[in-house]
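A.B. asks: For the sequence shown, our numbering begins at 279 and goes up steadily by one. All residues carry an ideal CB built from backbone N, CA and C; glycine is no exception.
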Amino acid sequence: RRFVRVWYTMWHGEANTCLIKEVLAAPVCPAPSVQENLAAALRHHNHGAFKEALQLYEAAQGEWALAEGGVPPSISVYFNIVMADVYESMREDGTALSLVLKAKQLADQIDLGEEQEALLLSRLASVFYHMGDVNRALGYYTKAKLVREKIAPGIHVDTAVLYNNIGVCLDTLEPLFRREDAIQCFSTGRAVFLELLGPNHPRTITASTSLAKAQSKTQMNYSLVLRPLSASLVVPPTQPAPKRRGKGKAKKGKGRGKR
């Protein structure tokens with residue numbers, strides 16, 4: 279089932295690898311009441327009280343408008359993203375997608391920069407993944423990773439998040455060669471988390487768990503591939519046997535080549 283943690287994951291299953299969410303920091307608020315509502319909304323979201331979280335985000339947005347005579351486009355981008363996260367947790371992926379697309383349209387109009395672009399690409403990928411469009415999710419995560427590597431070369435936590443999520447997509451796509459690529463992505467992300475966050479951080483634990491699951495499934499697939507087939511399961515050749523030479527009819531049951 280899906281659940282939310284502020285640091286790391288939106289989806290969990292015993293036999294599945296886990297996506298990690300990039301952290302979205304709250305903007306500087308114009309009034310203490312706005313900040314309190316944002317903090318309360320996040321707490322409700324993390325505890326599964328999704329309707330209450332949405333109500334608090336809407337209240338915070340209204341209070342922001344009263345305090346400043348309107349909500350700036352950059353702040354509207356923030357509210358669209360956090361509310362999309364809640365709808366995604368509620369499995370209302372269509373609504374989540376429309377909110378993320380609205381946020382991206384606003385961000386493109388005011389040019390919030392490459393960091394915001396990477397975050398929105400990652401959010402789009404998450405929604406598409408949960409909608410079952412894993413190939414599209416993989417494409418968006420890959421684009422986000424390229425942007426992250428451009429603005430923050432070298433090891434960086436946000437880039438490691440994207441390596442993990444690309445690994446989840448590759449692991450979900452099932453073919454053995456894809457899972458081997460997934461293992462490499464999980465290993466890369468985990469190494470960064472270990473170095474920058476330590477072994478006990480939730481992100482490190484999530485990446486380590488995903489790596490172990492992918493490795494386990496790969497070993498199982500190898501055992502199936504390498505296991506010899508039973509003689510009863512060997513499929514006979516379909517090509518016709520060569521014609522007999524000489525006189526006389528072929529004996530019954532000898533019209534095909536050797537099996």
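What do you reckon, are the CB atoms on Phe464 and Ser488 nearer than 7 Å?
C.D. replies: As a first step, residue 464 must be located in the sequence shown, where it is residue number 186. As a first step, residue 488 must be located in the sequence shown, where it is residue number 210. A contact, by the Cβ cut-off of 7 Å.
A.B. asks: Just mark His325 as buried or exposed, buried being the case when its beta carbon has 16 or more other beta carbons within 10 Å.
C.D. replies: Within the sequence shown, numbered from 1, the residue matching residue 325 stands at position 47. With fewer than 16 Cβ atoms within 10 Å of its Cβ, His325 is classed as exposed.
A.B. asks: Skipping 5 residues on each side, what residues in its chain have a beta carbon closer than 7 Å to that of Leu451?
C.D. replies: For this step, residue 451 is matched to residue 173 along the sequence shown. The residues are Val412.
A.B. asks: The alpha helix (DSSP H) with Lys329 in it runs from where to where?
C.D. replies: Along the sequence shown, one-based indexing puts residue 329 at 51. It spans 328-346 - the alpha helix (DSSP H) in which Lys329 sits, taken as one unbroken run.
A.B. asks: Classify Gly340: buried if its beta carbon has 16 or more other beta carbons within 10 angstroms, exposed otherwise.
C.D. replies: Working through the sequence shown from its first residue, we reach residue 340 at position 62. That one is exposed.
A.B. asks: Would you call Asp371 buried or exposed, if buried means 16 or more other Cβ atoms sit within 10 Å of its Cβ?
C.D. replies: Within the sequence shown, residue 371 is the residue found at index 93, counting from 1. Label assigned to Asp371: buried.
A.B. asks: Do Ala485 and Arg468 come within 7 Å of each other at the CB atom, strictly closer than that value?
C.D. replies: Taking the first residue of the sequence shown as position 1, residue 468 is located at position 190. Taking the first residue of the sequence shown as position 1, residue 485 is located at position 207. Going by C-beta atoms, Arg468 is nearer than 7 Å to Ala485.
A.B. asks: Sort Pro350, Arg401, His408, Ala415 by Cα distance to Gln387 and report the nearest one.
C.D. replies: Position 109 of the sequence shown, counting from 1, holds the residue named residue 387. Comparing Cα positions, the closest option is Pro350.
A.B. asks: Is it the case that the Cβ atoms of Ala338 and Asn315 are separated by a distance below 7 Å?
C.D. replies: Residue numbering aside, residue 338 sits at position 60 when the sequence shown is read from its first letter. Residue numbering aside, residue 315 sits at position 37 when the sequence shown is read from its first letter. Yes. Within cutoff.
A.B. asks: What separation, rounded to the nearest whole angstrom, lies between the Cα atoms of Pro401 and Glu395?
C.D. replies: What you label residue 401 is simply residue 123 of the sequence shown in a count that begins at 1. What you label residue 395 is simply residue 117 of the sequence shown in a count that begins at 1. Contrary to the premise, residue 401 reads as Arg rather than Pro in this sequence. Roughly 10 Å between the two C-alpha positions.
A.B. asks: In whole angstroms, what is the alpha-carbon distance linking Lys299 and Val439?
C.D. replies: Taking the sequence shown and counting its residues from 1, one reaches residue 299 at position 21. Taking the sequence shown and counting its residues from 1, one reaches residue 439 at position 161. The alpha-carbon atoms of Lys299 and Val439 are separated by roughly 7 Å.
A.B. asks: Between the beta-carbon of Ala243 and the beta-carbon of Val364, is there less than 7 Å?
C.D. replies: Since the first residue shown for the chain is 279 and the last is 537, residue 243 is missing from the structure and cannot be characterised.
A.B. asks: Note down the Cα distance separating Leu344 from Thr373, rounded to an integer number of angstroms.
C.D. replies: To locate residue 344, count along the sequence shown from 1; it is residue 66. To locate residue 373, count along the sequence shown from 1; it is residue 95. Approximately 26 Å, taken between the alpha carbons.
A.B. asks: Among Asn478, Asn442, Pro477, Pro480, which one has its Cα closest to the Cα of Thr466?
C.D. replies: Position 188 of the sequence shown, counting from 1, holds the residue named residue 466. When only C-alpha atoms are compared, the closest one is Asn442.
A.B. asks: Measure the C-alpha to C-alpha separation of His323 and Glu336 and round it to an integer number of angstroms.
C.D. replies: Your numbering for residue 323 matches position 45 in the sequence shown. Your numbering for residue 336 matches position 58 in the sequence shown. Taking the straight line from one Cα to the other gives about 13 Å.
A.B. asks: If you follow the alpha helix (DSSP H) that Ile429 is part of, which residue opens it and which one closes it?
C.D. replies: Translated into the one-based positions of the sequence shown, residue 429 becomes position 151. Under the DSSP assignment, Ile429 falls in the alpha helix (DSSP H) whose first and last residues are 412-429.
A.B. asks: Alpha carbon to alpha carbon, how far is Pro461 from Ile444?
C.D. replies: Here residue 461 is taken as the residue at index 183 of the sequence shown, counted from 1. Here residue 444 is taken as the residue at index 166 of the sequence shown, counted from 1. Before going further, note that residue 461 is Ile rather than Pro in the sequence given. One C-alpha to the other measures close to 10 Å.
A.B. asks: Going by beta carbon distance, what residues of the same chain come within less than 8 Å of Glu346, once the five residues before and after it are set aside?
C.D. replies: Locating residue 346 in the sequence shown gives position 68, where the first residue counts as 1. Correct list, in chain order: Pro308.
A.B. asks: How should Ala492 be labelled, buried or exposed, when 16 other C-beta atoms within 10 angstroms of its C-beta is the threshold for buried?
C.D. replies: By one-based count along the sequence shown, residue 492 stands at place 214. Ala492 is buried by the Cβ-count criterion.
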